[in-house]
Every structure is written in C-alpha cells, then in structure tokens.
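Numbering (my numbering), first residue to last: 50 to 266. We put the beta carbon where it would ideally sit given N, CA and C, even for glycine. Heads up: the structure comes next, in structure tokens.
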C-alpha cells in the first residue's frame, strides 16, 4: 500500500502528516524543499484543509517551517535548536532507562539483549551502514521497556527528530558508541536503575558534545 492509499483509508490529517514525516526522515524531502498545498492535495486525493492541518502538526514537531504568504518548507534545524532537542531527549531517556531497569527490561528484555549483540557484531565487522537502524531500535526498546506508554510516545517523536538531525550533519554513523549501549543494556537487564540512568545520561551528553563539535567544526 502506498502512503497516499494509506492516507485515504485513515484520518487524513494524521495519515498525511505521517507520510510527509516519513519522506523527510528518509531523505526523500530535503531541508528547504517546498511543500505546496496543491501538490499534496492532489497526491493524497483530499482538499487543502487536511493538508493545512497536517503541515501545522509537522510545524509543531519541528519538521516543517510555515511562513505567511510563502507557504511551507522542510525545516533546516539550527545547531541551537538541535542541542535543545538533545537536552530534552536526555531527560526523557534517563527516566526511561531508570524505569526500564526497575522492570529489568520487562517484556522486551530478550529483544534488548539481541539488538545489543547485533550492534556489537555490526561494529566488529565494520558494517557501519547497519548501525543507524539498530541505534534507533535500541533506544526505542529502552522506551518500551520503561512500561510508561506516554513516555514511549514522546520519545518516539523525539528519537525520530534526533535521527534526522544527525543524518543532516553526518554522512555515516560509526560503531564507536555501541559499547555505551551494551553497558546501558547490562544495567537495565541486571535491574540497576541508578546505574542505568547515569550511563544513559553520559551517553546522551556525548551525543550533545558531538553535535556541538560538528556545528563548530
């Protein structure tokens, strides 16, 4: 099923926003690209009303910039905004790691351990192109392991934007941080909330430092 067909079979605003967000995250739409209401209305077979609603939602998420009389474009996230987002991410992910450790990984403990092993193997074999989806999967699993549904919803949105921001600044991702993930997973699976929270905080702080270095390099 295409994104357009999916949009026609569900709530228009949500489905259209999802499809356009996926295009941005996948790089099919680049920062600065125009998002014309008429083109989107034709693509999804709807009026301009749900298109405007979807673009407004994407603006609130940081993916789209709306300018009066000029329309919508794909956002180019500034270094300052990106760092602010990572700071928000740090608070959410530290909490997620602590809650996940209180539950020793909960229902996804086995999957968390499996993803860590996949990441370790990819790093050892220098298959760095396999790491970005594994990194996102690892952090998504920590959120799921927390058992807090609202926290999981918030982190899903934040993690998507963080991945997009790094993709704008890095041509490839390396496995240098995978030892962090392994240590965090071990703390979670062994039921050590304080250690899990501390390690996650240090891990995100390193991402913040990397982003600052890239923006000033």
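Span separating the alpha-carbon of residue i from that of residue j
{"i": "residue 212", "j": "residue 258", "result": "16 Å"}
{"i": "residue 233", "j": "residue 244", "result": "8 Å"}
{"i": "residue 200", "j": "residue 144", "result": "9 Å"}
{"i": "residue 197", "j": "residue 107", "result": "24 Å"}
{"i": "residue 206", "j": "residue 186", "result": "13 Å"}
{"i": "residue 79", "j": "residue 71", "result": "12 Å"}
{"i": "residue 67", "j": "residue 112", "result": "11 Å"}
{"i": "residue 136", "j": "residue 87", "result": "37 Å"}
{"i": "residue 168", "j": "residue 180", "result": "6 Å"}
{"i": "residue 164", "j": "residue 119", "result": "44 Å"}
Where residue i sits in the DSSP three-state scheme
{"i": "residue 111", "result": "coil"}
{"i": "residue 95", "result": "coil"}
{"i": "residue 78", "result": "coil"}
{"i": "residue 246", "result": "helix"}
{"i": "residue 240", "result": "coil"}
{"i": "residue 209", "result": "helix"}
{"i": "residue 119", "result": "coil"}
{"i": "residue 85", "result": "coil"}
{"i": "residue 261", "result": "helix"}
{"i": "residue 228", "result": "helix"}
Whether residue i touches residue j by CB criterion (7 Å)
{"i": "residue 122", "j": "residue 81", "result": "yes"}
{"i": "residue 160", "j": "residue 190", "result": "yes"}
{"i": "residue 155", "j": "residue 194", "result": "yes"}
{"i": "residue 131", "j": "residue 253", "result": "no"}
{"i": "residue 227", "j": "residue 172", "result": "yes"}
{"i": "residue 150", "j": "residue 237", "result": "yes"}
{"i": "residue 250", "j": "residue 153", "result": "no"}
{"i": "residue 61", "j": "residue 95", "result": "yes"}
{"i": "residue 100", "j": "residue 89", "result": "yes"}
Buried versus exposed call for residue i [16 or more other C-beta atoms within 10 Å across all chains shown]
{"i": "residue 202", "result": "exposed"}
{"i": "residue 147", "result": "buried"}
{"i": "residue 98", "result": "exposed"}
{"i": "residue 91", "result": "exposed"}
{"i": "residue 220", "result": "For residue 220, the predicted model reports a pLDDT of 44, less than 50, meaning its position is unreliable and no value from the coordinates is stated."}
{"i": "residue 54", "result": "Here the model assigns residue 54 a pLDDT of 46, short of 50, so the residue's position is not dependable and the matter cannot be decided."}
Within-7 Å CB hit, residue i to chain D
{"i": "residue 183", "result": "Of the chains in the structure shown, none is chain D; there is only one protein chain."}
query: Which ranges would you report for the alpha helix (DSSP H) in the region 126–185 if only whole runs of at least 4 residues count?
result: As summarised for the region 126–185, the continuous alpha helix (DSSP H) elements at least 4 residues long and confined to that stretch are 128–151 and 158–173, given in chain order.
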